[in-house]
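Mapping the sequence shown onto full-length UniProt numbering, position 103 (from 1) lands on 103, and the numbers just tick up by one.
Glycine is no exception: its CB is placed at the ideal position from the N, C-alpha and C atoms.
Since we're looking at a predicted model, the values are computed, not measured.
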Amino acid sequence: MLKNLLKYEIKATARIFVPFYLFLIVFSIINRIFISMNTSAIDIPRSIALGIWGFTIIAIFVMTWIVVIQRFYKNLLSDEGYLSFTLPVKAHHHVISKALTSLMWILLNFIFAIIAIAIITLNSDTISMLKEGLSVFQEMISQTGTPVFVVSIQFIILAIVGILSNLFKIYTAIIIGNLSSKHKILLGLGTYIGFEIVEQTIFSFLLVGIGYFGDIFDPNFIMHPSYLVSSLLLLICISLISASIYFFLSNWLLNDKLDLE
1 MLKNLLKYEI
11 KATARIFVPF
21 YLFLIVFSII
31 NRIFISMNTS
41 AIDIPRSIAL
51 GIWGFTIIAI
61 FVMTWIVVIQ
71 RFYKNLLSDE
81 GYLSFTLPVK
91 AHHHVISKAL
101 TSLMWILLNF
111 IFAIIAIAII
121 TLNSDTISML
131 KEGLSVFQEM
141 ISQTGTPVFV
151 VSIQFIILAI
161 VGILSNLFKI
171 YTAIIIGNLS
181 SKHKILLGLG
191 TYIGFEIVEQ
201 TIFSFLLVGI
211 GYFGDIFDPN
221 FIMHPSYLVS
231 SLLLLICISL
241 ISASIYFFLS
251 NWLLNDKLDL
261 E
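This is how it looks when you write it as structure tokens:
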């Protein structure tokens, strides 16, 4: 049933995102043409097209989070929630399907943004700059004694887990906000901010503790070759714990505390 939920969610949200992606690519091509035309006669159209292009990229990212909130609330906590919870599907399947779909669109946002930027800026000079930047990055990573591939995979995993953690956090805040008969938005927003404060406080204490004990055992521990890999693994573990807490909390709230009346 989870597979069917994913298909439905992707199909419903694709109607929103695909046109924006196509629009972005078209305007990227238009801007590329304008930029290649080295004449002041089209300065105004060029500026307008570039402004629309930049606004479209920003709008896509902002719209994504609006859709994340709107889809979750509308499908599970509004009048549609009655229909959703009459389906032979467990609550956590609803949460997972929406989180995975949202994750997919967020990652696609970055991919299409990179493609759009590449269409406009890619030339022999930028390619040389990219190669130089990549060489510097590889040299920095090589000093840690860890393959670039391993560190890159860690960064990707950290990004994915971090996005999922934030999605589950948003879902939990929305559900808690819905528990109030009044001021649902304020309670949900306050809950999200509260979660952020608690997370940042815990993370700050961890950093201070790691720095303190690290200096005791090895004053130069930051320069240790394994420091980067260990730090990334720690961040991944923290994000996994955070994501798990919010996921189980949202599932518990949907199962035991949700009242759609």
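Boundaries (first-last residue) of the alpha helix (DSSP H) holding residue i
| i | result |
| --- | --- |
| S28 | 2-36 |
Three-way DSSP call (helix, strand, coil) for residue i in this model
| i | result |
| --- | --- |
| F217 | Low confidence applies to F217: its pLDDT is 49, below 50, so where it sits in the model is not reliable, and the reading given next is rough at best. In this structure, F217 counts as helix in the three-state DSSP scheme. |
| N123 | coil |
| P88 | coil |
| H93 | helix |
| L158 | helix |
| L179 | coil |
| Q143 | coil |
| residue 262 | An answer regarding residue 262 cannot be provided, because it is not within the stretch 1 to 261 covered by the chain. |
| S152 | helix |
| S102 | helix |
| S78 | coil |
| S242 | helix |
Proximity test, residue i beta-carbon vs the ligand MN heavy atom, cut-off 6 angstroms
| i | result |
| --- | --- |
| H94 | In the structure on display, the ligand MN does not appear, and there are no ligands present to speak of. |
Straight-line Cα distance separating residue j from residue i
| i | j | result |
| --- | --- | --- |
| I120 | F205 | 44 angstroms |
| A118 | E9 | 30 angstroms |
| K169 | I42 | 47 angstroms |
| V229 | F247 | 26 angstroms |
| P45 | T39 | 11 angstroms |
| Y167 | R32 | Here residue 167 turns out to be Leu, not Tyr, going by the sequence shown. So the alpha carbons of these two residues sit roughly 35 angstroms apart. |
| G188 | S231 | 32 angstroms |
| F112 | A99 | 20 angstroms |
| L103 | I48 | 32 angstroms |
| K131 | I202 | 39 angstroms |
| S84 | I157 | 31 angstroms |
| E139 | V148 | 9 angstroms |
| I175 | L240 | 21 angstroms |
| L234 | I35 | 45 angstroms |
| D256 | I57 | 40 angstroms |
| L24 | L207 | 40 angstroms |
| E80 | I106 | 25 angstroms |
| W252 | I66 | 24 angstroms |
| S244 | V62 | 25 angstroms |
Meets three-Cβ-pair contact criterion under 8 angstroms: the stretch 3-18 and the stretch 50-58: Between the stretch 3-18 and the stretch 50-58, the count of Cβ pairs shorter than 8 angstroms is below three; the stretches do not touch.
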